[in-house]
Amino acid sequence: MQADRHRHRHTDRHIDWKAAAAVVVVVVVVVVVVVVVVVVVVVVVLVVVVLVAILRVVVVVVVEVVAAAAVVVVVVVVVVVVVVVVVVVLVVVSSSRGGCSSRSSSRGCCSIVVVAVVVVVEVVIAVVVSAAAVVVLEVVVVVIQVVAVVVAAIVITTAAVVVVVVIVVVVEVVVVVIVVVVVVVVVVVVVVKVVVAVVVVLVIVISAVVVVVVEVEVAIIVVA
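For the sequence shown, the tail end lands on 243 under the working numbering, and the numbers increase by one without skipping.
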């Protein structure tokens, strides 16, 4: 009965160690899964941020180009209308004074037209250059922002991957250490069992030898 109880105790301890190891493994797996999920979420968020930044660049470029084109068209139309009105007024005034039929008057009318054309061309060039400069500046600023966002996303993603790798390595090392400790404990228990069994056997053998020797001596004394 005592041997059975002793055996049941050691069996219970062995089951407890298995349960502890299983709990440790489950905890490690849960930690790894949570870390991986967090990293995946971070990466997805960063990808979305990068895509939004790129979309912003595209939208800003399109909007700026359309706005600049609209401004250029409006300014050109206004300038052309104003210049045409001024030219017409000057021609009418010149005609009322003698018309453009004479040589001097025709030169004056041609000069007015030439000046008007030059003014229109200069205004158009100035407006186009200004609008193009504004668009290019805005695009450069947005591209710099996008590059900064992309670089930050790459840095954060790399750091997250490094952290995950370190955590996984640490967890694996902890698991290996726990397994080694469990194995060492089991080996120690087995060795203790063997030592106890050997001591018990030795005690029994020695006791039997002592009993036999005592009985032999007693028998010799009685016979003598």
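Where a beta carbon is used, it is the ideal one built from N, C-alpha and C, also for glycine.
What do you get for residue i, buried or exposed, if any count of 16 or more other CB atoms within 10 angstroms of its CB means buried?
{"i": "residue 25", "result": "In this prediction, residue 25 has a pLDDT of 47, which is less than 50 and means its spatial position is unreliable; nothing more can be read from the coordinates."}
{"i": "residue 150", "result": "buried"}
{"i": "residue 131", "result": "buried"}
{"i": "residue 154", "result": "buried"}
{"i": "residue 87", "result": "buried"}
{"i": "residue 172", "result": "buried"}
Might you give, ordered along the chain, the residues of its own chain that have their beta carbon closer than 7 Å to the beta carbon of residue i, omitting 5 neighbours on each side?
{"i": "residue 51", "result": "187, 190"}
{"i": "residue 144", "result": "none"}
If I'm right that residue i touches residue j with Cβ under 8 Å, what's the distance once you round it to whole angstroms?
{"i": "residue 105", "j": "residue 135", "result": "7 Å"}
{"i": "residue 83", "j": "residue 193", "result": "About 56 Å; that fails the 8 Å criterion."}
{"i": "residue 62", "j": "residue 176", "result": "6 Å"}
Do residue i and residue j have their CB atoms nearer than 7 Å?
{"i": "residue 169", "j": "residue 69", "result": "yes"}
{"i": "residue 98", "j": "residue 142", "result": "yes"}
{"i": "residue 146", "j": "residue 94", "result": "yes"}
{"i": "residue 79", "j": "residue 161", "result": "yes"}
{"i": "residue 148", "j": "residue 102", "result": "no"}
Given residue i, which residues of its chain have a CB within under 8 Å of its CB, disregarding the five upstream and five downstream residues?
{"i": "residue 73", "result": "165"}
{"i": "residue 183", "result": "54, 55, 58"}
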